[in-house]
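Undergrad:
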Amino acid sequence: MSTYIRYGHHSWSALIVVLCMALLCCVCECRVYRGKAAGFVQTKGTNFVLNGSPFLFNGFNAYWMMNVATVPKERIKVTEVLQDAANVGLSVCRTWAFADGGDKALQISPGAYNEHVFQGLDFVVSEARKHGIRLILSFVNNFNDFGGRLQYIDWVKKAGVPISSDDDFYTNPIVKEYYKNHVQRIITRVNTITGIAYRDDTTIMAWELMNEPRCQADYSGRTVNGWIQEMASFVKSLDRHHLLEVGMEGFYGDTMPERKQINPGYQVGTDFITNNLVSEIDFATIHAYPDQWLSGQNEDSQMEFMQRWMWSHYEDSRVILKKPLVIAEFGKSSNNQEYNINKRDSYIDAVYRNIYMMANTGGTVGGGLVWQLMADGMGSFSDGYQIILSKSPSTSSIISEQSHSMRTLSHLLRIRSQNVRLGKDHRQNQNLKSLVSNLVEVIK
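Numbering (the numbering used here), first residue to last: 614 to 1057.
(1) If you run the structure through DSSP and keep just helix, strand and coil, what is I1080?
(2) Can you check which of these residues, G761, L856, T708 and S751, is closest to S585 by C-alpha distance?
(3) Evaluate the contact criterion for the segment 773-790 versus the segment 711-719: three or more CB pairs, one atom per stretch, below 8 Å.
(4) Quick check for students: name the residue ranges of the alpha helix (DSSP H) that lie wholly in the segment 711-791, counting only runs of 4 or more.
(5) If you draw a straight line from the C-alpha of A988 to the C-alpha of D867, how long is it?
(6) Counting C-beta neighbours from all protein chains within 10 Å, is the total for D913 16 or more, i.e. buried, or is it exposed?
(7) With distances taken from CA atoms, which of K945, D962 and R1027 is nearest G997?
(8) How close, in whole Å, do the beta carbons of G975 and N660 come, if the pair is a contact with beta carbons under 8 Å?
(9) Can you give me the C-alpha to C-alpha distance between C641 and I1011, rounded to a whole angstrom?
(10) Could you say if the segment 839-849 and the segment 815-826 meet the contact criterion of at least three C-beta pairs nearer than 8 Å?
(11) Which stretch, first to last residue, makes up the beta strand (DSSP E) that contains K657?
(12) Have a look at S1030, E693 and Y960 and flag the residue whose alpha-carbon is nearest the alpha-carbon of Q915.
(13) Do you know offhand how far T816's Cα is from R742's?
(14) Please report the distance separating the alpha-carbon of K657 from that of N888.
(15) Taking all protein chains shown into account, do 16 or more other C-beta atoms lie within 10 angstroms of the C-beta of H1017, making it buried, or fewer, making it exposed?
(16) Which same chain residues, not among the five before or five after Y676, have their C-beta less than 7 Å away from its C-beta?
(17) Which first and last residues belong to the alpha helix (DSSP H) in which M679 is found?
(18) Among K1004, S993 and N973, whose alpha-carbon lies nearest the alpha-carbon of T1021?
(19) Measure the CB-CB distance between H729 and T683 and report whether it falls below 8 Å.
(20) Considering only residues of the same chain and omitting the five flanking positions on each side of E687, which have a CB-CB separation below 8 Å?
(21) Tell me, to the nearest whole angstrom, how far the beta carbon of A819 is from that of L856; I am working on the premise that it is less than 8 Å.
(22) Could you work out which residue in Q920, L934 and Y952 is closest to S908 when comparing CA atoms only?
(23) Would you kindly report the start and end of the unbroken alpha helix (DSSP H) that includes L695?
(24) DSSP has P667 in a bridge; who is on the other side?
(25) Given this structure, state the Cα-to-Cα distance separating P685 from N876, to the nearest angstrom.
(26) What does T898 pair with, by DSSP beta-bridge criteria?
(27) Which of the three DSSP states, helix, strand or coil, is assigned to V978?
(28) Keeping to the same chain, check which residues put their C-beta closer than 7 Å to that of G860; ignore five residues upstream and five downstream.
(29) Which of the three DSSP states is assigned to V881 in this structure?
(30) Beta-carbon within less than 6 Å of Y832's beta-carbon, same chain only, minus the 5 sequence neighbours each way: which residues are those?
(31) Starting from the C-beta of R647, find all residues in its chain whose C-beta is less than 6 Å away, skip the five residues before and the five after it, and write them out in chain order.
(32) Can you name, in chain order, every residue of its own chain whose Cβ lies under 8 Å from the Cβ of I589, other than the five neighbours on each side?
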């Protein structure tokens, strides 16, 4: 059915005004503030974006920051590392937002927190903000360091709850409630230095559910997957602005049996595919430690594994998950008998080359986080992978070059995106101008 509408003179004038306003909106679109999410790192398809533009980065791990910042006279180490990192172009840092029980505990017991330690985390966030470095904050450890899953299990046991194994962490309702309470306490925390609630702070890039989740009771990945679904939904119910990731190493499970051959000869109870397909999970992560996972193999075999590991996860993230991927931990340990700094530099450089090629050819990989940066005089935190930039000029140079490459690529992608957009807008503007001109002629 068609409808014939008769327009009067005033109607035509009003229509022209509306069209002119539409034209003005198209011309000015690039200057429009895009709402509350502006300033938060977000995802668009398989890419990270910041204020609508591509966001690529080079970053690092420094798990120790809150622990060190708990002692005021030691806080200078946090500042030094953040300054050194910024000087070589690093823009994202992953660190712990947990210390469960034991020495310098953040969470002394379920729901009971040490405010002094919490203020150490406040300092880390405020210093990162000063240095233009965004943070990925992890909620709990899979391992016993700084408490971890085992501390939660011990707390529940002491409360008289029957527990069959440490893997009950993923299924026991009381344990899960303890974990949720901690998550809520972190996300809703108001920083005593900046006055900004963590969930409103753009300094924080993402939350991490757990550092390297594993489950010996179920190698298929299904038990961990159920926990991820529940906890990811809970995090997003508290905070819709920040990104969320699992904290996975990248081990494949039962979803794609053929992919298990990519694993370093064993499984850990996670499934890279299904665990990252959870809708509330915004991006995937992998870790890359062939010197640990394939300790009995030679350098060439370890390097070949790293190449397969990275490219397999790149393809799966791009094609199946359709989410960005971050190489969230990688490095080479000086504890290896055959270690030398040239081997460390070669490995880091090889990982960086892969990251750059993946980002350049097909997006998906947004950046990498080397493990790990420290300041001088932190021997008690050393694990063999530590890098002190001021004492490692060759490694520092490689890191700086990668930062420059990723920053340049991000800029080029931004220009390309703007050019595509401007070309589209130009065509739209020309069409609108032509339409307005024709309408004016009709009125005349």
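C-beta: ideal position from N, C-alpha, C; glycine also.
TA: With the structure as the only source:
(1) Since the first residue shown for the chain is 614 and the last is 1057, residue 1080 is missing from the structure and cannot be characterised.
(2) Nothing in the structure corresponds to residue 585, since the chain is present only between 614 and 1057.
(3) no
(4) If we require 4 residues or more, the alpha helix (DSSP H) runs fully inside the segment 711-791 come out as 728-743 and 761-771.
(5) 42 Å
(6) exposed
(7) K945
(8) About 10 Å; that fails the 8 Å criterion.
(9) Per-residue confidence for C641 stands at a pLDDT of 34, beneath the threshold of 50, marking its modelled position as unreliable; the derived number appears in the next sentence. Whole-angstrom Cα-Cα distance: 41 Å.
(10) Contact holds: three or more Cβ-Cβ distances are below 8 Å.
(11) Segment V654 to K657, the beta strand (DSSP E) holding K657.
(12) Relative to the Cα of Q915, the nearest Cα in the group S1030, E693 and Y960 belongs to Y960.
(13) Cα to Cα, the separation comes out at about 6 Å.
(14) 19 Å
(15) H1017 comes out exposed.
(16) T708, W709 and Q985
(17) M678 to A682
(18) Selection K1004, S993 and N973 evaluated against T1021 yields N973 as nearest (Cα-Cα).
(19) Contact flag set, yes.
(20) Excluding residues within five positions, the ones whose Cβ falls inside 8 Å are V681.
(21) 4 Å
(22) Ranking the options by Cα distance to S908, first place goes to Y952.
(23) R688 to N700
(24) V662
(25) 43 Å
(26) V939
(27) strand
(28) Excluding the 5 residues flanking it on each side, G860 has same chain C-beta neighbours closer than 7 Å at S751, E821, L822, M823, N824, E825, P826 and T898, in chain order.
(29) DSSP places V881 in coil when its eight states are reduced to three.
(30) Around Y832: Q880 and G882.
(31) Unreliable placement is indicated for R647, whose pLDDT of 31 sits below 50; the coordinate value is still reported in the next sentence. Only residues of its own chain outside the window of five on either side were considered, and among them none has a CB closer than 6 Å to the CB of R647.
(32) Lying outside 614 to 1057, the shown extent of the chain, residue 589 is not represented and no answer is given.
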